[in-house]
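Visitor: Below you will find the structure I want to go over with you.
Protein chains: 2
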Amino acid sequence: MAEQRLENYYSGFKKISLQFITAEEFRRIEKTSVNLKFKKGETILKQGHPPTHVAFLQSGIVKFNFSSESTGKNTILTLVSAPKILGGANLFYKDNNLFSMVAVEDCEVFLIESNVLFELLKSNGRFAVALFQLASEMFKSSILNFISVANKQKEGRIADVFLYLAQDVYFHSSFNLSLTRKELAEFACCSVENIIMTLSKWQQEGIIAVAGKKLEIINMEKLKQISKIG
Amino acid sequence: MAEQRLENYYSGFKKISLQFITAEEFRRIEKTSVNLKFKKGETILKQGHPPTHVAFLQSGIVKFNFSSESTGKNTILTLVSAPKILGGANLFYKDNNLFSMVAVEDCEVFLIESNVLFELLKSNGRFAVALFQLASEMFKSSILNFISVANKQKEGRIADVFLYLAQDVYFHSSFNLSLTRKELAEFACCSVENIIMTLSKWQQEGIIAVAGKKLEIINMEKLKQISKIG
DNA sequence: TAAAAAACATTAAATTTTCAATGTTATTTT
DNA sequence: AAAATAACATTGAAAATTTAATGTTTTTTA
Chain L
1 MAEQRLENYY SGFKKISLQF ITAEEFRRIE KTSVNLKFKK GETILKQGHP
51 PTHVAFLQSG IVKFNFSSES TGKNTILTLV SAPKILGGAN LFYKDNNLFS
101 MVAVEDCEVF LIESNVLFEL LKSNGRFAVA LFQLASEMFK SSILNFISVA
151 NKQKEGRIAD VFLYLAQDVY FHSSFNLSLT RKELAEFACC SVENIIMTLS
201 KWQQEGIIAV AGKKLEIINM EKLKQISKIG
Chain H
231 MAEQRLENYY SGFKKISLQF ITAEEFRRIE KTSVNLKFKK GETILKQGHP
281 PTHVAFLQSG IVKFNFSSES TGKNTILTLV SAPKILGGAN LFYKDNNLFS
331 MVAVEDCEVF LIESNVLFEL LKSNGRFAVA LFQLASEMFK SSILNFISVA
381 NKQKEGRIAD VFLYLAQDVY FHSSFNLSLT RKELAEFACC SVENIIMTLS
431 KWQQEGIIAV AGKKLEIINM EKLKQISKIG
């Protein structure tokens with residue numbers, strides 16, 4: 001299972017591309033692209049930089065991190081697992097990167113020059129539509145997180161974060177957290193204390209089981225209920 | 231000035247389209263499209279509905295409104311003025327509309343069948359790229375609002391809302407608010423009382439001048455400073 | 001146009017959330 | 001392997017924000 005997924009992801013971008021463009025055209029992308037490995041904690045695309053590159057995440061997990069210059073606070077807009085096209089923002093508009101994309105697990109990335117990809121998209125509508133659809137999923141998860149943060153308080157938001165992690169990142173109700181408590185706080189937009197207290201409370205109530213980085217959602221229904229009532 | 235803008239906006243979508251597709255192709259879109267007028271308060275595209283249509287906002291102002299079933303609370307993700315392509319979300323992914331798009335000023339809208347437009351986008355990469363770029367601006371303003379809400383408290387958020395309205399919606403430091411105090415609260419993610427108290431306070435401090443719906447930003451620098459310190 | 005409803009405005013109390021202080025445990029670094 | 005650093009955990013005090021209560025003004029509806 002794990003190997004199969006890895007295999008799919010490894011050649012992810014090439015596989016997707018060849019459904020729409022010719023091997024010749026793909027070679028044009030390859031010529032100006034590189035395959036890179038990023039260690040946990042390394043920045044793949046940096047906030048404020050010109051959008052010279054688009055990254056295709058072949059394997060691993062990445063956080064979208066906004067860092068505030070004035071307050072120094074971080075916000076995690078969303079967390080995504082491979083396969084995904086990163087830097088979608090830059091694909092769309094020409095401004096400098098709004099936020100950074102940082103590996104929270106070791107990642108394999110196919111780094112593409114934006115303008116080369118862009119020319120191909122312009123010449124191939126089907127390819128463009130397919131890539132934009134892929135890129136837009138990340139906007140959706142950011143928007144959903146926004147809605148959660150805007151509408152719910154602490155516990156509802158933290159519940160939403162865990163539900164999202166289980167359903168869309170780790171694909172399992174039991175997983176090893178890639179994020180520290182501080183990062184979980186930056187994701188749910190609350191303080192570290194809130195995260196720690198809520199984890200302890202839910203542990204006692206039998207909703208989850210935590211042991212360091214290992215987290216298991218025991219009572220999924222209860223968690224969904226907490227999410228719902230906000 | 232106003233007339234010139236109106237003229238540009240009125241034929242906005244056709245004008246943009248004809249830069250990329252033929253008159254013949256545009257007629258294909260026109261055949262299944264309608265020109266509609268929406269009064270202030272009317273819903274153009276509804277949350278939860280299938281994404282059967284994309285709307286091009288020819289004139290007017292629209293809010294992106296998320297309504298929570300469980301809590302009944304509304305959140306305004308962003309506010310946009312013409313010309314814009316609405317329902318971009320649906321252009322990208324196939325899920326039902328995440329949020330509603332509601333006229334907050336009388337609007338003229340060119341309502342297009344998604345699948346007809348989609349076929350054209352697939353056959354014309356330049357057109358696809360142009361439309362996606364237009365659509366993505368709205369994501370950007372939603373994300374910026376998210377970042378503001380996540381990082382700043384009340385006053386910083388309200389300052390950001392007014393700065394956004396002046397710079398990106400009304401294009402003037404003095405304008406007639408299309409939003410009620412309640413809607414401003416839903417936009418800045420705070421209570422109505424926060425909005426009212428902050429308006430009074432800033433009025434006294436000479437930062438703004440308010441009289442009912444009329445709002446003038448007197449000290450733009452001060453407002454930017456409040457935004458910056460959060 | 002009168003009545004009803006919604007919007008606007010202000011204040012104090014209640015609640016939520018963050019901040020500050022402190023200690024323990026786990027992970028890096030030297 | 002020891003030292004240093006970062007992460008984890010808990011608590012009470014402080015601060016921010018919402019809720020509730022109340023009244024006025026404006027807008028909508030019958």
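Residue numbers (this note's numbering), protein chains in the order written: chain L, 1 to 230; chain H, 231 to 460.
From the three backbone atoms N, C-alpha and C, an ideal C-beta is built for every residue, glycine too.
1) Name the two residues that bound the continuous beta strand (DSSP E) containing Glu69 (chain L).
2) Checking contacts by CB at 8 Å: is Thr198 (chain L) closer than that to chain H?
3) If we cut at 8 Å on Cβ distances, does Gly48 (chain L) have a partner in chain H?
4) So with CB distances below 7 Å, who are the chain H contacts of Ser100 (chain L)?
5) On the DSSP bridge assignment, give the partners of Val54 (chain L) in chain order.
6) Is Lys458 (chain H) close to chain L, meaning its C-beta is less than 8 Å from at least one C-beta of that chain?
7) For Arg257 (chain H), count neighbouring C-beta atoms within 10 Å of its own C-beta (all shown protein chains included) and say buried if the count is 16 or more, exposed if not.
8) Sorted by chain position, which residues of the same chain lie with C-beta nearer than 7 Å to Thr308 (chain H)'s C-beta, five sequence neighbours on each side aside?
9) Which stretch, first to last residue, makes up the alpha helix (DSSP H) that contains Ala396 (chain H)?
10) Look at the alpha carbon of Leu18 (chain L) and the alpha carbon of Gly290 (chain H), and state the distance between them as a whole number of angstroms.
11) Tell me, please, whether the stretch 205–222 of chain L touches the stretch 166–179 of chain L by the rule of three or more beta-carbon pairs shorter than 8 Å.
12) Would you report the Cα separation of Val34 (chain L) and Ala82 (chain L), rounded to the nearest angstrom?
13) Residues of the stretch 122–149 of chain L in Cβ contact with chain H at a cutoff of 8 Å, in chain order, please.
14) To the nearest angstrom, how far is it from the Cα of Met1 (chain L) to the Cα of Phe171 (chain L)?
15) Closest Cβ-Cβ distance between Asn8 (chain L) and chain H: below 8 Å?
16) Applying a beta-carbon distance threshold of less than 9 Å, which residues of chain H neighbour Cys190 (chain L)?
17) Ser298 (chain H) to Ala253 (chain H), Cα distance in whole Å?
18) Counting Cβ pairs, one atom from each stretch, are 3 or more of them under 8 Å apart for the stretch 118–136 of chain L and the stretch 194–204 of chain L?
19) How would you list, in chain order, the residues of chain H whose beta-carbon sits under 7 Å from the beta-carbon of Asn151 (chain L)?
20) Can you give the Cα-Cα distance for Lys14 (chain L) and Gln47 (chain L), rounded to whole angstroms?
21) Out of curiosity, what's the CA-to-CA distance linking Ser227 (chain L) and Ser148 (chain L)?
22) Distance, Cα to Cα, Glu25 (chain L) vs Lys270 (chain H)?
23) Within 10 Å of its beta-carbon, does Asn115 (chain L) have 16 or more other beta-carbons around it, so buried, or fewer, so exposed?
24) CA-CA distance, Lys84 (chain L) and Val169 (chain L)?
25) Start and end of the beta strand (DSSP E) containing Ile437 (chain H)?
26) Tell me which residues share the same chain as Ile426 (chain H) and place their Cβ nearer than 7 Å to its Cβ, disregarding the 5 neighbours each side in the sequence.
27) Rounded to whole angstroms, how far is the Cβ of Val284 (chain H) from the Cβ of Leu347 (chain H), which I believe are closer than 8 Å?
28) Name the two residues that bound the continuous beta strand (DSSP E) containing Glu216 (chain L).
29) DSSP state of Phe268 (chain H), grouped into three classes?
30) When burial is assigned at 16 or more other CB atoms within 10 Å of the CB, is Thr305 (chain H) buried or exposed?
31) Roughly how far, in whole angstroms, is the beta-carbon of Val161 (chain L) from the beta-carbon of Ala188 (chain L), given that I think they are within contact range, below 8 Å?
32) So which of H:Ser330, H:Arg387, H:Val334 and H:Gly442 has the shortest CA-CA distance to Gln455 (chain H)?
33) Compare the beta carbon distance of Ser191 (chain L) and Ile459 (chain H) with 8 Å and say whether it is the shorter of the two.
34) Under the rule that 16 or more other beta-carbon atoms within 10 Å means buried, what is Pro280 (chain H), buried or exposed?
35) Suppose you measure from the CA of Ile21 (chain L) to the CA of Ala415 (chain H); what does that come to, to the nearest Å?
Guide: Let me lay it out:
1) Against the first sequence, residue 69 (chain L) aligns to sequence position 69. Note, Glu69 (chain L): premise wrong, no beta strand (DSSP E); not H, not E.
2) Taking the first residue of the first sequence as position 1, residue 198 (chain L) is located at position 198. For Thr198 (chain L), the answer is no, since every Cβ of chain H falls outside 8 Å of its Cβ.
3) Working through the first sequence from its first residue, we reach residue 48 (chain L) at position 48. No - not a single Cβ of chain H is within 8 Å of the one on Gly48 (chain L).
4) Translated into positions along the first sequence, residue 100 (chain L) becomes position 100. Correct list: empty, because the minimum Cβ distance to chain H is about 13 Å.
5) Your numbering for residue 54 (chain L) matches position 54 in the first sequence. Paired residue(s): L:Ile112.
6) Residue numbering aside, residue 458 (chain H) sits at position 228 when the second sequence is read from its first letter. For Lys458 (chain H), the answer is yes, since a Cβ of chain L falls inside 8 Å of its Cβ.
7) Along the second sequence, one-based indexing puts residue 257 (chain H) at 27. Exposed, by the Cβ-count rule.
8) To locate residue 308 (chain H), count along the second sequence from 1; it is residue 78. Correct list, in chain order: Phe294, Met368, Ser371, Ser372 and Asn375.
9) The residue given as residue 396 (chain H) occupies position 166 in the second sequence. Under the DSSP assignment, Ala396 (chain H) falls outside any alpha helix (DSSP H); it carries neither an H nor an E label.
10) Indexing the first sequence from 1 puts residue 18 (chain L) at position 18. Indexing the second sequence from 1 puts residue 290 (chain H) at position 60. Roughly 42 Å separates the two Cα atoms.
11) Touching, per the Cβ criterion.
12) The residue you call residue 34 (chain L) lines up with position 34 of the first sequence. The residue you call residue 82 (chain L) lines up with position 82 of the first sequence. Their backbone Cα atoms lie some 17 Å apart in a straight line.
13) Lys122, Ser123, Asn124, Gly125, Arg126, Phe127, Ala128, Val129, Phe132, Gln133, Ala135, Ser136, Glu137, Phe139, Lys140, Ser142, Ile143, Leu144, Asn145, Phe146, Ile147 and Val149
14) Working through the first sequence from its first residue, we reach residue 1 (chain L) at position 1. Working through the first sequence from its first residue, we reach residue 171 (chain L) at position 171. Interpretation of Met1 (chain L) is limited by its pLDDT of 40, a score under 50 that renders its predicted location unreliable; no figure is taken from the coordinates.
15) Taking the first residue of the first sequence as 1, we reach residue 8 (chain L) at position 8. Note on Asn8 (chain L): pLDDT 44, under 50, position unreliable in the model; the coordinate value appears next. No, no contact with chain H.
16) Here the question's residue 190 (chain L) lines up with position 190 in the first sequence. For the C-beta of Cys190 (chain L), not a single chain H residue is nearer than 9 Å; the gap to the nearest is close to 10 Å.
17) Walking along the second sequence from the start, residue 298 (chain H) turns up at place 68. Walking along the second sequence from the start, residue 253 (chain H) turns up at place 23. Looking at the two C-alpha atoms, the distance is approximately 43 Å.
18) no
19) Here residue 151 (chain L) corresponds to residue number 151 of the first sequence, with the count starting at 1. Asn151 (chain L) reaches chain H at Ser298, Thr301, Lys303 and Thr305, counting residues in chain order whose Cβ is nearer than 7 Å.
20) Translated into positions along the first sequence, residue 14 (chain L) becomes position 14. Translated into positions along the first sequence, residue 47 (chain L) becomes position 47. If you take the alpha carbons of Lys14 (chain L) and Gln47 (chain L), they lie about 27 Å apart.
21) In the first sequence, the residue the question calls residue 227 (chain L) occupies position 227. In the first sequence, the residue the question calls residue 148 (chain L) occupies position 148. When rounded, the distance between both Cα atoms is 9 Å.
22) Here residue 25 (chain L) corresponds to residue number 25 of the first sequence, with the count starting at 1. Here residue 270 (chain H) corresponds to residue number 40 of the second sequence, with the count starting at 1. Answer to the nearest angstrom: the Cα atoms are 49 Å apart.
23) Indexing the first sequence from 1 puts residue 115 (chain L) at position 115. Looking at its Cβ environment, which holds fewer than 16 other Cβ atoms inside 10 Å, Asn115 (chain L) is exposed.
24) As a working mapping, residue 84 (chain L) is identified with position 84 in the first sequence. As a working mapping, residue 169 (chain L) is identified with position 169 in the first sequence. Roughly 11 Å separates the two Cα atoms.
25) Counting from one through the second sequence, the residue named residue 437 (chain H) turns up at place 207. From DSSP, Ile437 (chain H) is part of no beta strand (DSSP E); its letter is neither H nor E.
26) For the purposes of this step, residue 426 (chain H) is taken as residue 196 along the second sequence, with counting starting at 1. Contacts found: Arg411.
27) To locate residue 284 (chain H), count along the second sequence from 1; it is residue 54. To locate residue 347 (chain H), count along the second sequence from 1; it is residue 117. Between Leu347 (chain H) and Val284 (chain H) the Cβ distance is about 6 Å, and since that is below 8 Å, they are a contact.
28) Here residue 216 (chain L) is taken as the residue at index 216 of the first sequence, counted from 1. Element bounds for Glu216 (chain L): Lys214 to Ile217.
29) Position 38 of the second sequence, counting from 1, holds the residue named residue 268 (chain H). Note: Phe268 (chain H) maps to strand in three-state DSSP.
30) Mapped onto the second sequence, residue 305 (chain H) falls at position 75. The residue in question, Thr305 (chain H), is buried, as its Cβ has 16 or more Cβ neighbours within 10 Å.
31) Here residue 161 (chain L) refers to the residue found at position 161 when the first sequence is read from its first residue. Here residue 188 (chain L) refers to the residue found at position 188 when the first sequence is read from its first residue. Yes, they are in contact, since the Cβ atoms of Val161 (chain L) and Ala188 (chain L) sit about 5 Å apart, within 8 Å.
32) Within the second sequence, residue 455 (chain H) is the residue found at index 225, counting from 1. Among H:Ser330, H:Arg387, H:Val334 and H:Gly442, the Cα nearest to that of Gln455 (chain H) is on H:Arg387.
33) As a first step, residue 191 (chain L) must be located in the first sequence, where it is residue number 191. As a first step, residue 459 (chain H) must be located in the second sequence, where it is residue number 229. In this structure, Ser191 (chain L) sits away from Ile459 (chain H), with a CB-CB distance that is not shorter than 8 Å.
34) Your numbering for residue 280 (chain H) matches position 50 in the second sequence. Looking at its Cβ environment, which holds fewer than 16 other Cβ atoms inside 10 Å, Pro280 (chain H) is exposed.
35) Looking up residue 21 (chain L) in the first sequence gives position 21. Looking up residue 415 (chain H) in the second sequence gives position 185. Rounded to whole angstroms, Ile21 (chain L) to Ala415 (chain H) spans 48 Å at the Cα level.
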